[in-house]
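Comments concern the structure below.
In this note's numbering, the protein residues as written are 637 to 1099.
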């Protein structure tokens, strides 16, 4: 498995057993600490009350006040403990979902990358080679004397192709085990050669098959409709004679199977009277290496690319076609949202506490609904647009939050708090204009709290 698709480094994941055990141990230690603090406070109150047993009036006053305070502290600790449980549990749930979603995104990117990278069929332009005699000079020692010797040596030189007419038909097979796809190539090319030399008439036409093929069939080289025979296995150089000023034509054909790309490599040659037509009988497909074709024609599910170079054109990179894939955009948005979700939950609960009379049951139900909505967003967001998913989830969330209030005003307060504290912040992290959306959510929260506490907005008769 690719190391980049293992999740976010350092982020806890409850699907890992050792992290789950570590999390349970830490929760147990924290719970014991809170229990000990509460018991210690109760013992301290009992000791002070026992020390005032001789003065019954002071004892009754002190015990009555501290009993009320202790009861309020216990009630507040219950709310705090429940919020901490929801917050910590929600954090580990969101971190686990964030890791899973990050892994899914990276695996999807790797899968798409396999279809446009890796193996490929690369056809190299043929070369016309000849051997020339060139003078060269070297020095040697003869009887303690340095002697300069003039000699000749054989060097390889190449003729430039006078013309290239190439047609390649591509089919794609996706039903191949262990491969994203392979190309089935039908290649046919005619190359014109003109001998512009005055004293050389012996040449070699070197036409290698494509690099990266897994199967090569019906490979054939013809000169003026006469097939040339290979002299040695694996040797794709064919000797021929051509008188000065004369011209001849070679035809190269074959069928091949290979990787999910096909490109033509000019091998540093200048291209003259060059025409390449690539017909891909599948879609989507696009041209490779950024060498823009002269013409692109779509007809009945096939796409025809045509490159034409008239005179002395140098093409540095191999060019051809590959299976096009839709670009993967907006990666990392859901993992970022899930990491910030506990903070959004805390802000939403704070708004509800400042606006309504909340009890433990309502807090537990609201927290469960919030994280259930995030769980739904995480998995439905893989199928359709996350923005659309959250819009639908928000309608359900607002409908459920209407029942949180005991009257119409309280229900409206719950709706406003949910919009400002949950719906807009989550939506703001899903859209490109996150800063603007979060600013609007913060402004709405501040305005609501000001109206609620400064302008006498009553949400319940008991207030």
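Glycine included, each C-beta is placed from N, C-alpha and C at the ideal position.
Residue 885 sits close to residue 828, with the two beta carbons spaced by under 8 Å. Between residue 973 and residue 1081 the beta-carbon gap is near 19 Å, outside 8 Å, which marks them as no contact.
Spatial neighbours of residue 949 in its own chain (CB-CB distance under 6 Å, excluding positions within 5 residues in sequence) are listed in chain order as 907. For residue 741, the secondary structure class from DSSP, reduced to helix, strand or coil, is helix. The straight-line gap separating the alpha-carbon atoms of residue 801 and residue 1024 is approximately 51 Å. Spatial neighbours of residue 791 in its own chain (CB-CB distance under 7 Å, excluding positions within 5 residues in sequence) are listed in chain order as 768 and 770. Annotation for residue 1049: the continuous alpha helix (DSSP H) segment containing it runs 1044-1054. Here residue 951 is not near residue 924, since their CB atoms are 8 Å or more apart. In this structure, the straight-line span from the alpha carbon of residue 1050 to that of residue 1040 is close to 7 Å. Judged by DSSP secondary structure, residue 931 falls within the beta strand (DSSP E) whose first and last residues are 931-935.
A straight-line Cα-Cα distance of about 48 Å links residue 784 and residue 848. At least 8 Å separates the beta-carbon of residue 892 from that of residue 844. DSSP places residue 894 in no alpha helix (DSSP H) but in the uninterrupted beta strand (DSSP E) bounded by 883-894. The segment 954-1003 is shown to contain whole beta strand (DSSP E) runs of 3 or more residues at 955-959, in chain order.
Per DSSP, the continuous beta strand (DSSP E) segment holding residue 915 begins and ends at 910-916. Look at residue 1087 here: in three-state DSSP terms it is helix. DSSP places residue 790 inside the beta strand (DSSP E), whose first and last residues are 781-795. Separation of residue 978 and residue 943 (C-alpha to C-alpha, rounded to the nearest whole angstrom) is 56 Å.
Apart from the 5 residues on each side of it in sequence, residue 994 sits with its Cβ closer than 7 Å to the Cβ of 988 in its chain, given in chain order. In the DSSP assignment, residue 809 falls within the unbroken beta strand (DSSP E) covering 799-809. Looking from the CA of residue 1036, the closest CA among 1027, 1026, 1047 and 1043 belongs to 1047. The beta carbon of residue 938 lies closer than 7 Å to those of 915, 916 and 917 in the same chain, with the five residues before and after it left out. Under DSSP, the beta-bridge partners assigned to residue 773 are 786.
Cβ-Cβ distances below 8 Å link residue 777 to 783 in the same chain, with the five nearest sequence neighbours on each side left out; the list follows chain order. Inclusion of residue 1058 and residue 1033 in the CB contact set at 8 Å is warranted, their separation being smaller than that value.
Remark: C-beta atoms of residue 819 and residue 971 do not approach each other more closely than 8 Å.
Between residue 757 and residue 857 a beta carbon distance of about 18 Å is seen, past the 8 Å cut, so the two are scored as non-contacting. Residue 763 carries a strand assignment under DSSP once its states are collapsed to helix, strand and coil. In the DSSP assignment, residue 875 falls within the unbroken beta strand (DSSP E) covering 873-877.
Short of 8 Å from the beta carbon of residue 883, and not among the five residues preceding or following it, lie these beta carbons of its own chain, in chain order: 798, 828, 829, 830 and 831.
By the beta-carbon neighbour count (other beta carbons within 10 angstroms, threshold 16), residue 969 is buried. Between residue 824 and residue 803, the gap from beta carbon to beta carbon is short of 8 Å. Per DSSP, residue 1062 lies in no beta strand (DSSP E) segment; the continuous alpha helix (DSSP H) that holds it begins and ends at 1060-1064. For the pair residue 1056 and residue 745, the Cα-to-Cα distance works out to about 35 Å. Annotation: the continuous alpha helix (DSSP H) that includes residue 1025 extends over 1022-1038. Under the DSSP definition of a beta bridge, residue 847 partners with 758.
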